[in-house]
Amino acid sequence: MDKYTCAREIEKEIAVFLTSSSPEIQKTKRKKVRSILQSFAGLQLDAGLTLAETLDAIADVGKNENRRDVAILAVRLLNIEGFFPSQTGGNNIDAKLVHLVEPVFGNFYKRFDISTKEQTFEKVEKLRGLYRYCIEKLNCLVNLSARIETISAEKQSILRSVGDDTVKSYLSPFDFQKIRGSIESVLTQVIELSKATEHSFINRLKDLSDILVEEREYCKHSPTFITREYYEPFLVTVQDAVNDVAARSKSRFVCELRSRKGRSFSFDKKYPLHIEDSQVRLQLQLTNDGPGIADQVIAYISTSEENVLVENEEVDLGSIPPGDFVVPVTVLVIEPVDKFELNVIVEWKVIGDTEEKLVELDAEVNSQSDSIDWNLLDHSNPYGLEIAIGNDFFGRRDKIDRLCSRASITKMQSSYITGQRRVGKSSLAKAVEDNIIGANDGCFVLNIDVGEFKHPEPKETVNALEQYIEQFLVSNLPPSINWDPVSLTGSLAPLSRLLNLLETTQKDKRFLIMIDEFDEINQDLYRHSELAETFFLNLRSLSGKRNICFVLIGAEKMAFVMYSQGEKLNKFFKETLDTFSQDREWEDFEDLVRTNLSNLLTWHDSAIRAVFSATNGHPYFAKQICSKVYDSCIQHRDAEITDQEVGDAIRELISELDVNAFQHFWRDGIQGDLDEVEIVSLKRCRVLVAYARTARMNKPMSWEFISDNLHSTQMPESEVLPVLTDFCRRGIMREVDGRYQIVIALFERWLLNLGFQSLIADKLGDELSERRQAKEDEAFVRDDEIEALLANWSGYRGMQITVHSVRDWIAQVEGICLQRILFKLLLNLRFFGEGEVRSMLHST
């Protein structure tokens, strides 16, 4: 047996000894204690040994590892009146007790100044004092006032007493380490209760009450003199204080459980009750009106319908705080039924009240239609992610009308559509195309994607675009006119002549050119260069014709295109496409979710709100969620969709989504070459990982905490705030009162759960970042280099050239590497004075 079991068994015998007046019973208990000690010390059981002989034998041949615990128990017996035999010449028990304790009580001897040279009776008396010292320390547990405030004030004093090294050491066989820890836990809960706010008071009181019940149960099953005389009285005192607080705060515990629909109602959702031998899971929505916590809540569920079997007739819900909650109900439909009724009895207790409360509810469950063609639905794809066509495009009516009006007979005005990727820009363009073609008023549409004509060389890209437009326009010439293909020169200018010809020969025809992914054209076609100037001047000139207009569609890099060439497109109207607005476009979003299946599937309002909450109205992600819900509906033959089905679909979808679903959040809207895109993307990924770390740690989402979680030697913390600001500018995040939050909850959940590992910086990105940094370090133009250059220069028109003026000049380009190139130009620049020029002229 272990030391705690030994101590507990001995304490049982002592308890009987103390309550009995029978000498025979007391003798029996002494004998039983001797046997327990012999067994614990590893001796051969010998009923003939007296207590003195037992102690002497243990001291001589008992297990070394148990001798100290036996010594402690012997001192405990020494302090029980009438249990320990009196010292006689025959038994010499005092000397035998000292023989046992002296080798193992070194710390106690030192603490109580017991000398090995002292008389035996003096040592024994001091050993009694060891026990009395510990008991005195424990008295703080029974001298408490039953008030929370008083107990709170005594916490430190109590912890000092029970934490005394001598007390902990001597009482170790009595499970004192556990008791001491529990005392600290109880006192901590008392402190928390005394400081509780109105909002947290009930929870604190419930937590303290629960721990008191557990610890009193422990005392009941672990009777020792410590639990019986000190620990349990302490718990009782605290319980009395809790009861006093509860009595004074009774109004805080009142609670009432009910259904918001009343005592008799029907489920909002209809269920597939027409499927034989099917399991149906129901969710009974109830609420606790508070303000108290409903304790020991149990729901009893039954039905009188013989073809429906309730699988969980008793549901133990435990403690229910104020607010809405759900009772899960699972039934087995044996034979198809149109409806059935559930009888539900909910019982609970109010904290501090012994009387049980209950409410009885009758809930009707109705069946879904059994005429749905699930095979047809199984072969449909209503939530495809491709460009929406016709009836699959929802909302944006105002934008469609504006764009169509700009291609009307009275005016031809060009536009450009911009916005985040995957918000439906291409689908909007397709809807405009369909509307214009459907109007049949003489407007013809060419809708092309940059990928159809882009070449590695920008001039070839312009030539390919010219060919596409030329072929389209030529197809609208009268058959009697022959048009010779123009020579390809890297310009759209020849199209102007073709448009003039069309205006004279086909006056009733107009042309709309739509170019999708326009911001993906070669960067040299919009950066400052002769080719770029020509290209955009051509577009400006062509868009000014009366019989043609353009619609350019692009994502976030359109901002760079317009920044570089916007003055040439200043007559183009801007249309920004964003996620669906909850205030202005809610009906359109509902149509997107319900698609064209409203006569087959029923989307409850709660489900649509759940989709919007997860996506912030982003159509691409909304369709992904809806597609997952749709698949689940088909799998389970369930035509009614609530927020529960949406929640299940989101959890399943997150586990399936990969980096490519969200990649545009950190890769789009970056100006520069491929290396620059990679480096900026890497920085954004690092900030997103830091964001995820911060969110995982439940820290405030401020830039300071996000910076603390960057953990990157490649990115200084000073760059975190600009990246966060850029995310906010692009609509990926929002910032409120210094706290950052990802706008699309689905993305944030993916990032925290799965994307975290996917976005950790890869080796390629690190190498690119380091290589670029090394090149920039090497390319930086130092002051001494500028000074060496200026040493060979004289003044210019009376002005002295300085280091600062040179730096200002090379700073006209961004990037240290480009500044180095400009400086090389200066190094090879030669000044000619007037005399030198005259001499050269004279020699020629």
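Be aware that the sequence shown starts at 19, since it is given in my numbering, and climbs by one per residue. Glycine included, each C-beta is placed from N, C-alpha and C at the ideal position.
Compare the beta carbon distance of residue i and residue j with 7 Å and say whether it is the shorter of the two.
{"i": "residue 625", "j": "residue 390", "result": "no"}
{"i": "residue 533", "j": "residue 634", "result": "no"}
{"i": "residue 271", "j": "residue 310", "result": "yes"}
{"i": "residue 724", "j": "residue 709", "result": "yes"}
{"i": "residue 231", "j": "residue 201", "result": "no"}
{"i": "residue 303", "j": "residue 254", "result": "no"}
{"i": "residue 12", "j": "residue 288", "result": "Past the boundaries of the shown model lies residue 12; the chain is included only from 19 to 862, so the question cannot be answered."}
{"i": "residue 765", "j": "residue 630", "result": "no"}
{"i": "residue 87", "j": "residue 21", "result": "yes"}
{"i": "residue 241", "j": "residue 25", "result": "no"}
{"i": "residue 142", "j": "residue 182", "result": "no"}
{"i": "residue 549", "j": "residue 476", "result": "yes"}
{"i": "residue 248", "j": "residue 162", "result": "no"}
{"i": "residue 579", "j": "residue 542", "result": "no"}
{"i": "residue 447", "j": "residue 530", "result": "no"}
{"i": "residue 382", "j": "residue 359", "result": "yes"}
{"i": "residue 273", "j": "residue 377", "result": "no"}
{"i": "residue 327", "j": "residue 300", "result": "no"}
{"i": "residue 14", "j": "residue 47", "result": "No statement about residue 14 is possible, as the shown extent of the chain runs from 19 to 862 and does not include it."}
{"i": "residue 823", "j": "residue 590", "result": "no"}
Cβ of residue i within 6 Å of any heavy atom in the ligand GTP?
{"i": "residue 604", "result": "Absent from the structure shown: the ligand GTP. Ligands present: none."}
Around the Cβ of residue i, are there at least 16 other Cβ atoms within 10 angstroms (buried) or fewer (exposed)?
{"i": "residue 233", "result": "buried"}
{"i": "residue 642", "result": "buried"}
{"i": "residue 265", "result": "exposed"}
{"i": "residue 413", "result": "buried"}
{"i": "residue 94", "result": "buried"}
{"i": "residue 282", "result": "exposed"}
{"i": "residue 171", "result": "exposed"}
{"i": "residue 617", "result": "exposed"}
{"i": "residue 786", "result": "Annotation note: pLDDT 49 at residue 786 (below 50); position unreliable, coordinate value reported separately. Classification of residue 786: buried, given that the 10 Å Cβ count is 16 or more."}
{"i": "residue 829", "result": "exposed"}
{"i": "residue 137", "result": "exposed"}
{"i": "residue 81", "result": "exposed"}
{"i": "residue 392", "result": "exposed"}
{"i": "residue 600", "result": "exposed"}
{"i": "residue 402", "result": "exposed"}
{"i": "residue 134", "result": "exposed"}
{"i": "residue 636", "result": "buried"}
{"i": "residue 814", "result": "Residue placement at residue 814 cannot be trusted, given a pLDDT of 47 that sits under 50; what the coordinates show is reported in the next sentence. Burial call: exposed."}
{"i": "residue 816", "result": "In this prediction, residue 816 has a pLDDT of 37, which is less than 50 and means its spatial position is unreliable; what the coordinates show is noted afterwards. Exposed: under 16 other Cβ atoms inside 10 Å."}
{"i": "residue 791", "result": "Residue placement at residue 791 cannot be trusted, given a pLDDT of 47 that sits under 50; what the coordinates show is reported in the next sentence. When all chains shown are included, residue 791 counts as exposed."}
{"i": "residue 77", "result": "buried"}
{"i": "residue 455", "result": "exposed"}
{"i": "residue 846", "result": "exposed"}
{"i": "residue 754", "result": "exposed"}
{"i": "residue 826", "result": "exposed"}
{"i": "residue 719", "result": "buried"}
For the alpha helix (DSSP H) containing residue i, name the first residue and the last one.
{"i": "residue 48", "result": "41-59"}
{"i": "residue 326", "result": "Residue 326 -> not in any alpha helix (DSSP H); beta strand (DSSP E) instead, spanning 326-328."}
{"i": "residue 252", "result": "250-266"}
{"i": "residue 561", "result": "548-561"}
{"i": "residue 720", "result": "Segment: none, residue 720 is in no alpha helix (DSSP H) and carries neither H nor E."}
{"i": "residue 25", "result": "21-37"}
{"i": "residue 512", "result": "512-523"}
{"i": "residue 393", "result": "392-396"}
What does DSSP give as the partner residues of residue i in its beta bridges?
{"i": "residue 316", "result": "334, 365"}
{"i": "residue 467", "result": "534"}
{"i": "residue 347", "result": "300"}
{"i": "residue 760", "result": "751"}
{"i": "residue 461", "result": "528"}
{"i": "residue 283", "result": "381"}
{"i": "residue 306", "result": "275, 341"}
How is the beta strand (DSSP E) around residue i delimited, first residue to last?
{"i": "residue 568", "result": "566-572"}
{"i": "residue 381", "result": "374-384"}
{"i": "residue 436", "result": "433-436"}
- Identify every run of the beta strand (DSSP E) within the stretch 582-665, keeping only runs that are complete inside it and at least 3 residues long; order them along the chain. If we require 3 residues or more, the beta strand (DSSP E) runs fully inside the stretch 582-665 come out as 591-594.
- Task: Would you list, in sequence order, the uninterrupted alpha helix (DSSP H) runs of no fewer than 4 residues that lie entirely inside the stretch 74-133?
- Result: Entirely contained in the stretch 74-133, the alpha helix (DSSP H) runs reaching 4 residues are, in chain order, 82-96, 111-119, 124-129.
- Unbroken beta strand (DSSP E) runs of length 3 or more, entirely within the stretch 201-239: which are they? Taken in chain order, no unbroken stretch of beta strand (DSSP E) lies wholly in the stretch 201-239 with a span of 3 residues or more.
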